Each structure stands twice: as structure tokens, then as C-alpha cells.
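Colleague: Protein chains in written order, with our numbering: chain A, 1 to 356; chain B, 1001 to 1304; chain C, 2001 to 2307. We treat Cβ as the ideally placed atom computed from N, Cα and C, and that holds for glycine. Model, not experiment: these values are computed from the prediction.
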Amino acid sequence: MGRHSQSIVEKESSPGPDDGGGHLLEVDDLYVEFRTGEGVAKVINGVSYHLDAGETLAVLGESGSGKSVTAQAIMGILDSPPGFVTGGRILYQGKDLLKVGEAERRAVRGREISIIFQDALSALNPVFTVGWQISEALRKREGLSKKDALERAVELMELVNIPAARERLKSYPHQFSGGMRQRVMIAMALAQQPNVVIADEPTTALDVTVQAQIMDLLGELRREMNTAMILITHDLGVVADVADRIAVMYAGRIIEHADVHALYRSPAHPYTLGLLNSIPRLDDKGKTLRTIPGLPPNLTKIPSGCPFHPRCRFVRDVCRSEVPPSLDLGGRQSACHFARELLAGELEPTRKEPEL
Amino acid sequence: MSDQNALPPADSVVALAEGEAGAGRARSLASDAWRDLRKNPIAIISAVIIVILVLMAVWPSLFTGADPAACDLSRSLQPPSSEAWFGYNLQGCDIYARTIYGAKASLQVGLYSVIGVAVIAIVLGMLAGYYGGWADAVIARVTDIVLGIPLLLGAIVILSSVELDGVWPVVLALALLGWTSPARIVRSSVISAKGQDYVQAARMLGANDKRIMMRHIAPNAMAPVIVVLTIALGSFISVEATLSFLGIGLKGEISWGADIADATGRVRNALGPVLFPSTFLALTVLAFIMLGDAVREAFDPKLR
Amino acid sequence: MFRYIIRRLLQMVLAFFGTTLLVYWLMFAASGDPIAALAGEKPLSPSVRQALIQEFHLDQPFIVQYLYYMRDLLTFDLGVNTSGRDIGQIVATAWPYTLKLAFIAFIFVVVVGITLGVIVAMKRGGVFDTVVLLLTLIVISIPVFVIGSTLALFGAKWGLWTTNVGGSGKLLAYLVPALVLGSLSLATAVRLTRSSVGENLRADYVRTAKSKGLKRSRVVGVHVLRNSLIPVITFLGIELGGLMGGAIVTEKIFNIPGIGFELAKAIGLEDGPTVVTIVSLLVIVYLLMNLLVDVLYAVLDPRIRYE
Ligand SMILES: Nc1ncnc2c1ncn2[C@@H]1O[C@H](COP(=O)(O)OP(=O)(O)OP(=O)(O)O)[C@@H](O)[C@H]1O
Ligand SMILES: [Mg+2]
């Protein structure tokens, strides 16, 4: 009850015991594979990233790069089988979530780390009212009475700007518009006042105008509640205003990691460069947009060496044979053999059209 | 009645129809499915059983030299011997011979009723699906009415009013009552095929309705219809046996259902007369239902 | 919701009249001589003949006969059969037996079917799953009367259970017949529950429920089950209507003097009025169950309720 006697907005910000410079959440060298009939898909291959209290990390990458699977591994909601974590650690407040028992893991879900899914229509249960669904965890986990929990649900719905919240308590998900449904999803994710919110492409399923509203709402709530956020997206456009740092994923690896401004100013990986070149900008009207040619790799047969080499304009021989290590470039990392040269603007393309 | 449940839920078959796109894809799906089927042991076993049953129906003398109608009360209820492998029933007839000869009526009923059902279902389903509008509405109401009559009860009513010989009354009853869910499947396959680009194109090029239905839509609707009809064949055999068991099914034919009824009605402690025809009947129904199931699995893109 | 039910109700009324008309027509008009259809091969005395013409208004046009018949049926004025017995009396005596049998069978189907279905869905692909699936396939394939006859035979041979239930009031005597009656529905219910639960376990909302930190028992027992049961309950509702009619086989085998037994007897005696009346009553029950299921469906699935 104590947690809930105060208003949601003025929540204590301390993330708990701070063990000597440790991060709030840290994914360390994570490996995940899916064992299916067609073979083993190595979906996550040594992902590492961290998140500190109150900050926002954007995770960027093409479809299929493993952004959602990493998030599911953090939440402990991988479909297993076929998905298995085969290596690495997920540290929350210094404790490895992969080592604790199911009960302890469950205690973290929703209350410490929660998640907002992409498609709210299928992520909400069609046969229960939204009031019921938002208040469910409060009743079952925070011990609130049914009446108090519904009262909280109204507050939460008002917090995410759902008009006539009290009247809509008894509505079902299919009776809401896409934007309103996503607000319900957000209210549900915030219900237990988590320290970390993972937003997995929260606006992909929405209209462009509604997308902006939802992003604004998320940014605002995050600031007010001082919640840390992992924002998963494949849209570089939305990241700039919201995120502090960016991690770029490719074929289940983090291939570049930097703070937002550094990354926008000068990308240190050809893939990031390609992504940046593919966003339309006001100032280069004349130029045609360049998309990255080729397709993401088949995860059952990841290319040798640098997984990006078949699509890379700067490819050299070493890229085909050796997996690039993550180079530390002073506060930022890049997994490209030639990151320093690229940063310095000294790397020459080896081809116009990459071999496909 | 509850035998209708043996039919697969229409939706799953419909989904299968909707999963296909063009005629080309339908063809490659069919060849994939065929390859799958040949590797599926259940499909093979069912097919073998069905082939044997067909042989029994066509050439019963291949399997037995005994005459099923040559009964001799002095042999009543004799146990199995080298002479009569399954023994003799109450009337002193050779159970093995009767079981072999009983296959014919069952298969005939199954086959003819399924053909009847197919004709009704394809005609009505195509009309409803292709033309929509009031044709669809009328057919939907008629379907509702027929669905309101449980199969077994409806068959009882029909059988107690028609006067035909041999397997025809039962065939008539089953065909008249059994077409509803196949028709619904045809209808929804047609609707989904109608929306495909190549059908639209054929229409714009001025192909007439009949040609479009025959050349473009019918091949697409085939797979789910074949599945549901295979399974229906099994359940029709089961209903026929049930009707014969109740004494209103086949008259004047050797029938497993009637023989089982005879054997349970009077003597309650002779196993042979009940068990042998029962086993054959169950195997027959099982074979068709399993084959239909296997075909559906082979065609279901979701299960691949 | 209201409009949905009204629409279904109208469709149902239409189906009801269509269906009963069809049954009635098949019984009387389809054969040349309605009296012969009613009485079968039995020779009738002129007075009985006259009574039948009176009762079924055979001197009137067909559609008028039908309307009279429906009026009588709906006011439970069921008339007399060819041997002069009051059909209403017959039905009233037989009904409780069938109800009892169908009810026990229904309990079997619901309890065992759903429980087993959920268990196999959770252990999909395991040995238990495979065995249960195979068993249900076999049960679906064997005609109910074969299962019934075989069980009756075993019961009689080794004295395991009674095969002649008669008018016995003992609940225990009904267990085996009820199991036989429900066997097909039971097998289908297991399969349906299994596939429905299996589908819902993979639904996105399950992830959402898990990520709230709910216990697995709650995720499955509340979120998944509530969704999975919608098609199962719909199926079961229709089955309850079907079970009554299916009782004809079971009641014949186990000698239970219910509706099905009377129907079988009437068929044997070629007693037309009784057959038509009982079949019509069973069709009415079946249609009512269908309507009930539609309402239930709307109650269970809000997406339909508010369409
Ligand atoms: N349940 C599963 N079974 C098998 N493979 C899976 C499963 N879930 C994810 N994958 C595979 O893992 C890979 C990464 O998927 P993931 O959902 O993480 O991609 P993503 O980066 O989130 O892409 P998107 O932008 O489309 O959401 C994909 O190749 C996908 O096929
Ligand atoms: Mg994703």
C-alpha cells in the first residue's frame, strides 16, 4: 500500500542499492537462439548494453535484428521452446536475472521492469475490460482492493490522457482507437511504477499524427516519473529528441553505441551511416535518398567475418574473414575494423554497388 | 446427429482455402502436399486399408469361398475354426464371409452419398459465393434450415417415408442432409478466390461466368472440399451402420450395422458376432477420417 | 448485443418453421397416401382412419394441416398415436430418463473433456498428448452404437455393469450408458479444447499478462482459459441438444425407456404420429440449444456483443 499512497508522479527516484558504479540494468554478452524444425537460428550473438536510472537508450535496427528478442530475454518472457538463452548475463541492480528463481524473476516483471508492446490490439486481452486489465496487477500483486485498484486505473488513464477515463473503464480494447489503445497499454505498463520501461516500437502500428502524440506522451511521462527507458525502434527520425544514447543492432549484435549527438554528427559504422543516409532531411532536397541495399542476413546462416560485409560499401578482405571486435573510441564503441578511419573521414568506398 | 461432429470444424478448412493465392500457387501447394502425404505413415496405412476394403467390395470371392447367405442353424454360434475363421452367428451363418460381403454396402453408401453431397454442395456453394446477394441469402437460410435437423433424426424421418430399394434410400437421406458444411466451405473458398487478381483480370478480359468458375475458381476450392468429403465419407458409413443398427437402414443387403444389431439384440455372451463386424466397421471409418486428417495437414500451410 | 440477439432470433424462427415444415412434409406429403405413411402396413379400422384424418386435418390443404399441427405441438397438445395412446403421455413419461442420461453425459463431457484438453494443450507434443490424441481419433471413428454394443457385451459377459437399466432410478446404472452417449462429444471436446488452448497460449496477450508479473497459473487459468473456452462452450451447447437425439442408440442398447427408446419403438411399429412428434420435439430442443449458444457466445465474447 505504501507505494501507492503517494501520487505516481512524485515517486522516489533511487533505483536501490548502487553497487559501486554499477548500472541500473545491464545486458552483458547475451546469446539467444531459436531451435526450430529448419535449424538453429542464432538470433542474439553477444549483445551488451546498459541503462542508468532516468536515462533513455534507443535500440535501433532493421526488422529481424533481434531488438524484440533482447527485450523479451530481459523480461523473461521468451517463448521457450523454441527460444533459449545460451549465454551471458542480465544484471538488474547488480543481480543476474538469468540466475534467480522463477518467483524472484516474476517479482521483477511489471514492478521493476515493464514493457509496452507494438501492437496494442493483440497485446491486450480481448475479453476483459481495460479497467480490469489495468487494475489486475494492482489487485493481484500490490494487494489493493478491487475498488481502490479501479480508482488507480482511472488515475492512470487520466495520466495518459484518455478522455472520460471513468466512463471508459468498462470498455473493451476493440472499442478504442489505435492511439487510445496504445495509451491503455502505457497506463498498464506504468501501473506498478517500474524503474525501467521497455517500449518496443510503441508507435509502429499507429497513424503518423498519433505517433507523434504517443512519443510526446512517453517522453513527458518518463521525465515526470524519472523512469529509465529502452526505446526500441527502426525509425532514426523519432530517436533524436527522446534518447540520450543509441545502440545500433545488426544480426543480433550491437554494432555501434554512442550518445545521440555524436552518432548523428559522425557515425562510426558503415551500417549506421547507411541508416542516416536513408532518413529524408530538409536540407538535402536535391539528393536522392540512399537505402541500404540488400537484405538482413538469414540468421541460420550468418555470413563469416563481419555480418554486414555483403552489404557494405567499404568492404575489405579482412571484413570477410575476421569478426570485428568492439573498438572503444572514447565514450563510444563500434564493431567495425575501420571505425577510426571512418570517423576521421579517411575510409574510401571499395565499390559503388555492393556485391549481393 | 452427433456424427456430424466427426466433420472437421469448417473454419480450419476455410482458412486453408484462404491461405492459397493464385492457381499456380495452388498447384505447387498440391504437389508439396502430395509429397508430404507419401511420407506420412498414417496416410499410407489409411490408404492401404481403403484399398483392401475396395477389393473386398468389388471381389469378395477373392477373400472367401464361403457363401454369406448359406446359413445352417445347426452351426449356430460355433466358435472360430479353420473352416470359419470368425465362427458362426446365431443363424449359423459364416461371420467371416458376412463381414467380407458387408463391405460392399458400406462403401457404396459412403461413395454415392459423398458424390451426391459434392454435387449439391458445389452447385449451391458456388452460386452463393460467386453471385452473392439474394442468391447467397436464400442459400444461407436453406442451409440454416437443414442444419437445424440433426443428421440421424432427419435420416430416420426420410427413411420412414421413402420407398426405394437397396442402398438408395440411405444415400438419398445422407445426401439431402449432409451437404451443409461442405457447401459453406465451397462458398468461402469461392469468395476468397474471387478476390484474387488473376480472377479479376479474367473477368475484365471478358471471360464468362461459367468459364471463370470452371477454370479459375473450382481448382482453388478443390483442396478443402476434398478434405471435408473424405472425412464425410467415413462418417456417412458410420451413420449408415447406425441406421441399419436401428433397423431402418439397408434392407435386404448384408450390412455390418444390421449384423451387429442382430448379434447384440438376442445373445449377450457371444463375442464373435459383435466384435468382428464392429472391428471392420471401425477400421473403415477410421481409415477415411485419418486419411482426411492427413490430407488436411498436408494442405495446411500453417502446419508446414 | 440486443440487435444481435434479435437478428439471431429471427433467423432461428425462420429455421424453426422451415425445419419443422420439412420434417412434416417428408413424413406426410412426400408419400402418396398420408394415412399409409402414418400407419405403416397395419390395416386400420375405418374409425381409426377417421380419427387420424380429423387429428391431422388431412381433409385440408397441406399448409393448413401443417399450421394446425404446429399449433397443437406448441400448445403441447400432442394427440394420440396409431394405437390410441396419448403421445403427450408417452413423452412425459419418457422425458425424465433421457434428461437424466443426457445430463450425466454432459457432465462427463464438460468435466473430463475440458480438463483433459487443457492438460494435453500444456504438454503439447509429449507422449501423453500423442496417446490422448490417438485415443480421441479412435473414439471419433468408432460409431457410438459399436462402442455401446461392445461395452454392453463385456458388461453382460463378465457382469461388470448392468446392461438392462430399465426404469431404474439408480444413478450408478446410468454411468456406462452416459459415457457411451457422451463418448463422441467427449473426444471432440478434448481435441477442440486442446487446439483452442494451444492457439491462445501463443497469443500476444499472454506475453502481456506474463510481463505484468502474474503467476503462470493465473496467466493460463484466467487469461488463456477465458479466451479458449469461447469456442468450446459454443460447441458444448450444441452438443447438449445433440445428446438428446443421440440417446436413441444408447437407450436402445441399454434398454432405458427414454425418448430415444420410444422413438426406436415407434420406428419399429411404423407408428408415424409418434415418430413425427418426437422428432419435431427433438428438433425444437436442438434449435433452442442453438439459440442459447448464440446468446452465450455474445455474452462470452465482447467483440460480438458490441458489433
Ligand atoms: N518465437 C520465435 N520463434 C522463432 N524465431 C523467432 C521467434 N521470435 C523471434 N524469432 C526470430 O528472431 C529474429 C529476431 O526477431 P526480433 O523480433 O527480435 O526482431 P526485431 O528486431 O524486433 O524486428 P522488428 O523490427 O520486425 O520487430 C527474427 O529473425 C525472428 O524470426
Ligand atoms: Mg520487434
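1. Tell whether a beta-carbon distance below 8 Å holds between A/Ala149 and C/Tyr2205.
2. Which bits of chain A does C/Thr2211 rub up against, with CB to CB less than 7 Å?
3. Give me the chain A residues within the contact set of C/Asp2204, using Cβ-Cβ distance strictly less than 8 Å, ordered along the chain.
4. Using a Cβ cut-off of 8 Å (strictly closer), state whether C/Arg2008 contacts chain B.
5. Between the region 2250-2267 of chain C and the region 1270-1290 of chain B, can you find at least three pairs of beta-carbon atoms closer than 8 Å?
6. Measure the alpha-carbon distance for B/Leu1152 versus B/Ile1248 and round it to whole angstroms.
7. Excluding the 5 residues preceding and the 5 following C/Val2285 in the sequence, name in chain order all residues of the same chain whose CB lies nearer than 7 Å to its CB.
8. Can you tell me the Cα-Cα spacing of C/His2223 and A/Ser278, whole angstroms?
9. C/Arg2218: which of A/Lys140, A/Ala268, A/Met229 and A/Leu25 sits nearest, CA to CA?
10. Kindly indicate the opening and closing residues of the beta strand (DSSP E) around A/Ser48.
11. Could you give the uninterrupted runs of the alpha helix (DSSP H) lying entirely in the region 112-184 of chain A, keeping only those of 4 residues or more?
12. Which chain B residues are close to C/Ala2015, counting only those with a beta carbon under 7 Å from its beta carbon?
13. Using 7 Å as the cut-off, classify the Cβ of A/Arg62 as near or not near the heavy atoms of ligand 2, replying yes or no.
14. Should B/Glu1297 be listed as close to ligand 2, given that the test is whether its C-beta is under 7 Å from any heavy atom?
15. Have a look at B/Gly1022 and A/Ala335 and give me their C-alpha separation to the nearest angstrom.
16. Identify, in the order they occur along the chain, each residue of the same chain with its Cβ nearer than 7 Å to the Cβ of A/Ile302, setting aside the five sequence neighbours on each side.
17. Closer than 8 Å by beta-carbon distance: list the chain C residues that pair up with A/Ala137, in chain order.
18. Taking the Cβ atom as the reference point for each residue, do A/Ile116 and A/Asp200 lie within a distance shorter than 8 Å?
19. Taking all protein chains shown into account, decide if B/Arg1211 is buried (16 or more other Cβ within 10 angstroms of its Cβ) or exposed.
20. Give every residue whose Cβ lies closer than 7 Å to any heavy atom of ligand 2, listed in chain order.
21. Would you give the residue range spanned by the beta strand (DSSP E) that A/Leu358 belongs to?
22. Comparing C-alpha positions only, which one of A/Glu55, A/Gly64, A/Ser80 and A/Leu263 sits nearest to A/Leu295?
23. For chain B, is any of its Cβ atoms less than 8 Å away from the one on C/Pro2177?
24. I'd like to know whether the C-beta of B/Arg1141 is nearer than 8 Å to at least one C-beta of chain C.
25. By alpha-carbon positions, which one of B/Thr1143, B/Trp1134 and B/Ser1106 ends up nearest to B/Val1239?
26. If we define contact as Cβ-Cβ less than 8 Å, is B/Ala1057 a contact residue for chain C?
27. In chain C, which residues lie less than 9 Å from A/Lys67 when you measure between Cβ atoms?
28. Hey, is the region 1160-1174 of chain B in contact with the region 1189-1196 of chain B, meaning 3+ C-beta pairs nearer than 8 Å?
29. Would A/Met229 pass as a contact of A/Thr56 if the rule is Cβ separation under 8 Å?
30. Between A/His337 and ligand 1, is there a pair consisting of the residue's CB and a ligand heavy atom that are separated by less than 7 Å?
31. What residues in its chain sit with their C-beta under 8 Å from that of A/Ser321, if we drop five residues either side in the sequence?
32. DSSP puts A/Met229 in a beta bridge; with which residues?
33. So what's C/Glu2262 in DSSP terms, helix, strand or just coil?
34. Listed from N- to C-terminal order along the chain, which residues in the region 1150-1163 of chain B have their beta-carbon within a distance smaller than 8 Å of any beta-carbon of chain C?
35. According to a CB-to-CB cut-off of less than 8 Å, which residues of the region 2217-2228 of chain C neighbour chain A?
36. Spell out the partners DSSP gives A/Glu33 in its beta bridges.
Modeller: Reading off the structure:
1. Taking the first sequence and counting its residues from 1, one reaches residue 149 of chain A at position 149. Taking the third sequence and counting its residues from 1, one reaches residue 2205 of chain C at position 205. Contact: no.
2. Within the third sequence, numbered from 1, the residue matching residue 2211 of chain C stands at position 211. The question names Thr, yet the displayed sequence has Ser at residue 2211 of chain C. C/Ser2211 reaches chain A at Met75, Ile77, Arg109, Gly110, Ser114 and Ile115, counting residues in chain order whose Cβ is nearer than 7 Å.
3. Indexing the third sequence from 1 puts residue 2204 of chain C at position 204. Under the 8 Å cutoff, chain A gives Phe117, Asp119, Ser122 and Ala123.
4. Indexing the third sequence from 1 puts residue 2008 of chain C at position 8. Answer no: the Cβ-Cβ gap between C/Arg2008 and chain B never drops below 8 Å.
5. No contact exists between the region 1270-1290 of chain B and the region 2250-2267 of chain C.
6. For this step, residue 1152 of chain B is matched to residue 152 along the second sequence. For this step, residue 1248 of chain B is matched to residue 248 along the second sequence. Going by the C-alpha atoms only, they are around 11 Å apart.
7. Counting from one through the third sequence, the residue named residue 2285 of chain C turns up at place 285. Close CB contacts of C/Val2285 within its chain, under the 7 Å cut and outside five residues either way in sequence, are with Gly2241 and Met2244 (chain order).
8. As a working mapping, residue 2223 of chain C is identified with position 223 in the third sequence. As a working mapping, residue 278 of chain A is identified with position 278 in the first sequence. Those two C-alpha atoms are separated by around 42 Å.
9. In the third sequence, the residue the question calls residue 2218 of chain C occupies position 218. When each option's Cα is compared against that of C/Arg2218, the closest is A/Lys140.
10. Working through the first sequence from its first residue, we reach residue 48 of chain A at position 48. Segment Gly39 to Leu51, the beta strand (DSSP E) holding A/Ser48.
11. You should have 120-123, 130-141, 146-159 and 165-168.
12. If you number the third sequence from 1, residue 2015 of chain C lands on position 15. Annotation: Cβ neighbours of C/Ala2015 in chain B (cutoff 7 Å, chain order): Asp1144, Ile1145 and Gly1148.
13. Counted from its first residue, the first sequence places residue 62 of chain A at position 62. The residue asked about is misnamed: residue 62 of chain A is Glu in this sequence, not Arg. No.
14. On the second sequence, residue 1297 of chain B is found 297 positions in, with the first residue counted as 1. Set against 7 Å, the gap from the CB of B/Glu1297 to the closest heavy atom of ligand 2 is not smaller.
15. As a working mapping, residue 1022 of chain B is identified with position 22 in the second sequence. As a working mapping, residue 335 of chain A is identified with position 335 in the first sequence. A caution first: B/Gly1022 carries a pLDDT of 43, below 50, which makes its placement in the model too unreliable to give a value.
16. By 1-based counting over the first sequence, the position of residue 302 of chain A is 302. Excluding the 5 residues flanking it on each side, A/Ile302 has same chain C-beta neighbours closer than 7 Å at Lys42 and Ala251, in chain order.
17. As a first step, residue 137 of chain A is located in the first sequence; it is residue number 137 there, counting from the start. Under the 8 Å cutoff, chain C gives Lys2212, Gly2213 and Leu2214.
18. The residue labelled residue 116 of chain A in the question sits at position 116 within the first sequence. The residue labelled residue 200 of chain A in the question sits at position 200 within the first sequence. Yes, Cβ-Cβ distance for A/Ile116 and A/Asp200 is below 8 Å.
19. On the second sequence, position 211 is the one that residue 1211 of chain B refers to. The residue in question, B/Arg1211, is exposed, as its Cβ has fewer than 16 Cβ neighbours within 10 Å.
20. Here the list is A/Lys67, A/Ser68, A/Gln118, A/Asp200, A/Glu201 and A/Ile232.
21. With chain A running from 1 to 356 in the structure shown, residue 358 of chain A is simply not present.
22. Translated into the one-based positions of the first sequence, residue 295 of chain A becomes position 295. The shortest Cα separation from A/Leu295 among A/Glu55, A/Gly64, A/Ser80 and A/Leu263 belongs to A/Gly64.
23. Numbered from 1 along the third sequence, position 177 holds the residue referred to as residue 2177 of chain C. Cβ-Cβ to chain B under 8 Å: no for C/Pro2177.
24. The residue labelled residue 1141 of chain B in the question sits at position 141 within the second sequence. At least one CB atom of chain C sits nearer than 8 Å to the CB of B/Arg1141.
25. In the second sequence, counting from the first residue as 1, residue 1239 of chain B sits at position 239. Closest by alpha carbon: B/Ser1106.
26. The count along the second sequence starts at 1 and reaches residue 1057 of chain B at position 57. So, not an interface residue.
27. Position 67 of the first sequence, counted from the first residue, corresponds to residue 67 of chain A. Here the premise fails: no neighbours, minimum Cβ distance about 15 Å.
28. No: fewer than three Cβ pairs fall under 8 Å.
29. The count along the first sequence starts at 1 and reaches residue 229 of chain A at position 229. The count along the first sequence starts at 1 and reaches residue 56 of chain A at position 56. Taking the C-beta atoms as reference points, A/Thr56 is found nearer than 8 Å to A/Met229.
30. For the purposes of this step, residue 337 of chain A is taken as the residue at position 337 of the first sequence. False, no ligand heavy atom lies under 7 Å from that Cβ.
31. Along the first sequence, one-based indexing puts residue 321 of chain A at 321. Within the same chain, A/Ser321 has close Cβ partners Ser304 and Gly305.
32. Position 229 of the first sequence, counted from the first residue, corresponds to residue 229 of chain A. Within the DSSP bridge table, the entry for A/Met229 names A/Thr56 and A/Val197 as partners.
33. In the third sequence, residue 2262 of chain C corresponds to position 262, counting from 1. C/Glu2262: helix per DSSP, three-state reduction.
34. The region 1150-1163 of chain B vs chain C, Cβ under 8 Å: Pro1150, Leu1152, Leu1153, Gly1154, Ile1156, Val1157, Ile1158, Ser1160, Ser1161, Val1162 and Glu1163.
35. Cβ contacts with chain A: Arg2218, His2223, Arg2226 and Asn2227.
36. In the first sequence, the residue the question calls residue 33 of chain A occupies position 33. A/Lys42 and A/Phe84.
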